[in-house]
Structure formats: C-alpha cells, structure tokens
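Reading through the structure tokens given below for one structure.
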Amino acid sequence: MRAINWNDIKDDKDLEVWNRVTQNFWLPEKIPVSNDISSWNQLSDDWQQLITRTFTG
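In full-length UniProt numbering, the protein residues as written are 1 to 57.
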C-alpha cells in the first residue's frame with residue numbers, strides 16, 4: 001500500500017473519489033473571488049476587519 005499523489009491521479013477509481021470528495025467543499029479555482037473586489041472595496045474598514053478575522057481566525 002502506498003500514498004496517493006492527488007496531483008497526479010492515474011487510477012480511474014482514485015479520480016472518481018477525488019471528484020466526489022472535492023464537491024463537498026469550496027475550491028478557489030471554482031469560485032472567481034476576484035469578481036468581488038468592487039463589493040469588498042465598498043465595505044467600511046470595520047466590516048472588512050470583521051470579515052477578515054472571521055475567515056482567518
């Protein structure tokens with residue numbers, strides 16, 4: 001038994017598992033957050049700080 005290199009999936013079953021698992025969480029490649037910059041810039045500094053702390057801890 002050996003670890004799977006998820007960056008180089010060669011087995012069809014591993015690829016199926018990868019695709020199923022990654023549908024359960026957010027991937028930055030699938031959500032174009034750059035489209036949100038104008039909305040972000042309209043927020044007050046307090047709101048930006050609150051959101052930043054919420055998502056970064």
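Ideal Cβ placement from N, Cα and C applies to all residues, glycine included. Source: prediction; values computed, not measured.
N-terminal and C-terminal residue of the alpha helix (DSSP H) that N19 is part of: Your numbering for residue 19 matches position 19 in the sequence shown. Start and end: D12 to T22.
Between which two residues does the alpha helix (DSSP H) containing S38 stretch? Position 38 of the sequence shown, counted from the first residue, corresponds to residue 38. Its alpha helix (DSSP H) spans residues I37 to Q42.
I4 beta carbon less than 7 Å from that of D12: The sequence position of residue 12 within the sequence shown is 12, counting from 1. The sequence position of residue 4 within the sequence shown is 4, counting from 1. In this structure, I4 does not lie closer than 7 Å to D12 by Cβ.
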